[in-house]
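So the protein lines, in turn, are chains A and B.
Residue numbering for the first sequence is 653 to 1116, as defined by the working numbering.
Residue numbering for the second sequence is 45 to 247, as defined by the working numbering.
Yeah, the Cβ is synthetic: ideal placement off N, Cα and C, and Gly gets one too.
Nothing here was measured: the structure is a model prediction, and the numbers come from that model.
See below for the structure under consideration.
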Amino acid sequence: MHASRTNSPTPWMLLILSVVGVALLAQVPAPAPAAGAPPAQPQQPSEIQLVISGDPGTPPRYAVPDFVALSPDLAELARTLGQVLWDDLNFEREFYMIPRDTYATIPTARTAEEVPLAAWRELGADAVVFGTVQRTDANTVRVQIRLFDVRSRQSAFAKEYSGGLANPRLYAHTASDEIHQQQRALRGVARTKITFSSDRNRETIAGPVQNREVKEVYIADYDGQNQRRVTANRQLNLMPVWAPDARAIAYTSYRRGYPDIFIALIYQGLQETPTNGVGQNWLPSFSPDGSQIAFTSNRDGNPELYVMNRDGGNVRRVTNNPAIDTTPTWSPNGTQIAFTSDRSGQPQIYVVGIDGLNLRRITTMDSYADRPTWAPAPFNEIAYAARTGPGYDIRIFELATGMTRQVTFGEGTNESPAFSPNGRHLAFTSTRTGRVQVFTMGRDGKGLKQITRDGSNYTPGWSN
Amino acid sequence: MVELTTYNMKPKTLRRLGLVSLLLIAVAVSCAKKPAAPLPQPAPPPPVASASSPVAPPTATTSTQPIDDSVPVPVRGDDAINSRSIEDLNRNSPLKPAFFGLDSAELDDAGRSNVAANAEILKRYPSWVVTFEGHCDERGTAEYNLALGERRAVAVRTYLVGLGIAPDRLRSVSYGKEFPFDPGHTDAAWAQNRRAHFVITSK
């Protein structure tokens, strides 16, 4: 899935079999010999640092038209790739994305040399993408993607991807992440995934009095596409979180009749049960390096926080208090845990070292606060759900300043925030459209996007 | 529909009427279903008495009187409970739930009285193993509610053990707000959903 971040192959990684930028870039001359163009960069395309800028003080304006189908039966895919790449580049709000419905007057290019840069310039574009997709076999395609600096007529980015058609959107996602990295030194999230718990299958189990609706764990691409089921045990499966390697999901399941922690190795179809039958355990949270799991357990009589190695070894108790201590989340450097405790009488957010020392309360203005989630670096902040009326809103506590800001404002109830791996976005649940659904938004509360629509969907977790 | 035009009733009122009549029907049906309620009477005799009653016939002087009439209620009550399947027992349980206040896991007087009544039944059927489920209403967060339901279950366990029930007969599980008994969004529904619900898991 994350071709650039993992070593072992996965089915989805096989999509991207090769990234051949070197030859491609060398082949492609600047479309027209531009006067005063900088000398061509030698050798490695990865060393090229042509950053496309916009007018002073404004973000560069990008255009992403439909890709060109070099095989006639791929026209729809070509259109999709253009739309997905536009959406992906739009998501981080680093560029001004020129709406795709304004491109009608621009002549369609069949080759990179034909890209009508002058016409794109007239439309106000600083950067334009030219992409092609060609069938190489019954089930494989080659996708070429270039990014031109419209003013200098230079190629700023050129990559070729080849692979299968299981999830062709991944070609656009990969290009988006690479363009964000190259142009903005930004880690994009286009290849990340969101996991959540859903009752969409409407399956029930017999309860003592009436039938009860179960929930299963699902995953989706970060944009809500490719939703698929992970668990199928017809029980409660709740509060899933990704392991940092994005290949496993830890969650709370009642498949044994009580809450316990399970880890689904989603590319192997295997399952781990690290707690080894000790007590009841729930709300697992992986340490940033993936080596440890913090969780809530009643093993010593009431809900307390514990940390264990990922394989269940070396269990350490973190809290020791007759009140409820639950819902742990790790600091980015793995030395502290933020969690929920009602030791003051109502649930509030606290921070403690994983050695159990240096406890401090961070929420003071809320009547009820739960589900802290610690942002990755460089954002030193903790998002949580705060009771603001009959329902909840997402608030974000900045540790450096002690300031709290609110990013939802009573549009239904808004709960269970989870940060994206680059810290720039939040997934959360909201009832603003009716049933509980998963949404994403920027950490400033803008750019709302609905991820789920089927059934009710709960407690998202966002992968690396 | 006719009523709507004739009496110009508001849809809400109508809906309420419909609900009420539905409820009435439900009550009527459930009453019709179980003419002989198997539930024990408010003050069931202690097990010792019921065990001895079938072999405690009157003395020989009353031999003219048939003794069919004295097939006694207490015995039938015991049999009626123990002969029911676990599923049936749980659907219409002799064990009463304990209800809780908002954000609270404290047993109030009514809760303690229900748990004490349950303890008496557990003493009468010493083979029963029960699980009490901790449930919460929907107003808390899903994450915290898992712990709150756990605390409610612990409160019940502590009280039961104090009443002399062996801990190894008691299991507990918190379902947080995942399995509401009443799916409504009213005070009455929430009150129904803040509970420790007793389930007989073996007998």
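Unbroken beta strand (DSSP E) run spanning residue i, endpoints
i	result
His241/B	Arg239 to Ser246
Trp934/A	Asn933 to Phe938
Ala764/A	Taken as a continuous stretch (DSSP letters only), Ala764/A belongs to no beta strand (DSSP E), as it is neither H nor E.
Met960/A	Glu956 to Asn961
Pro1050/A	Reading off the sequence shown, one finds Glu at residue 1050/A, where the question assumed Pro. Glu1050/A -> beta strand (DSSP E) spans Tyr1044 to Glu1050.
Asp977/A	Asp977 to Trp982
Arg864/A	Asn863 to Glu865
Ala858/A	Thr856 to Ala858
Residue i at chain B interface by Cβ criterion, 8 Å
i	result
Pro980/A	no
Arg864/A	yes
Tyr1110/A	yes
Pro892/A	no
Pro999/A	yes
Glu1063/A	no
Asp1018/A	no
Asp1022/A	yes
Span of the alpha helix (DSSP H), counted from its first residue to its last, around residue i
i	result
His832/A	Arg821 to Arg836
Trp772/A	Leu769 to Glu774
Ile130/B	Ile130 to Arg135
C-beta atoms of residue i and residue j nearer than 8 Å
i	j	result
Arg128/B	Asp181/B	no
Asn158/B	Lys140/B	yes
Phe848/A	Tyr1110/A	yes
Thr1083/A	Thr1065/A	yes
Ala197/B	Gly178/B	yes
Pro1112/A	Ser1068/A	yes
Ser712/A	Ile704/A	The question names Ser, yet the displayed sequence has Pro at residue 712/A. Taking 8 Å as the Cβ cut-off, Pro712/A and Ile704/A qualify as a contacting pair.
Gly776/A	Ile758/A	no
Asp963/A	Gln932/A	no
Glu868/A	Arg881/A	yes
Gly815/A	Gln796/A	no
Lys845/A	Ala895/A	no
Val200/B	Thr245/B	no
Leu957/A	Phe914/A	no
Ala1001/A	Tyr1036/A	Strictly speaking, residue 1001/A in this sequence is Ile, with Ala absent from that position. Yes, the Cβ-Cβ distance between Ile1001/A and Tyr1036/A is below 8 Å.
Inter-residue Cα distance where the pair is residue i and residue j
i	j	result
Thr609/A	Gly1097/A	Nothing about residue 609/A can be read from this structure; chain A reaches only from 653 to 1116.
Phe144/B	Gly997/A	16 Å
Glu728/A	Asn1116/A	30 Å
Leu702/A	Val767/A	19 Å
Val841/A	Ile857/A	37 Å
Thr826/A	Pro936/A	30 Å
Tyr188/B	Asp147/B	10 Å
Ala124/B	Asp132/B	11 Å
Tyr219/B	Glu1050/A	33 Å
Lys1101/A	Thr927/A	36 Å
Asn950/A	Thr185/B	19 Å
Phe648/A	Gly1099/A	Residue 648/A lies beyond the stretch modelled for chain A, which goes from 653 to 1116, so this question has no answer here.
Asn134/B	Asn162/B	13 Å
Ala824/A	Arg843/A	9 Å
Val970/A	Trp934/A	15 Å
Local conformation of residue i per DSSP, three classes
i	result
Phe225/B	coil
Val1003/A	strand
Lys167/B	helix
Glu1063/A	coil
Trp1114/A	strand
Leu207/B	coil
Gly733/A	As written in the sequence, residue 733/A is Leu, which differs from the Gly given in the question. Of the three classes helix, strand and coil, the one that applies to Leu733/A here is helix, per DSSP.
Ala1021/A	strand
Arg794/A	strand
Val200/B	helix
Pro1028/A	coil
Arg213/B	helix
Gln998/A	coil
Ser1108/A	coil
Asn889/A	strand
Ile989/A	strand
Chain A within 8 Å of residue i, Cβ atoms only
i	result
Arg195/B	yes
Tyr169/B	no
Arg135/B	yes
Ser218/B	yes
His179/B	no
Ala210/B	no
Phe223/B	yes
Val159/B	no
The region 953 to 973 of chain A: which residues have C-beta closer than 8 Å to a C-beta of chain C, in chain order?
Among the protein chains of the structure shown, namely A and B, there is no chain C.
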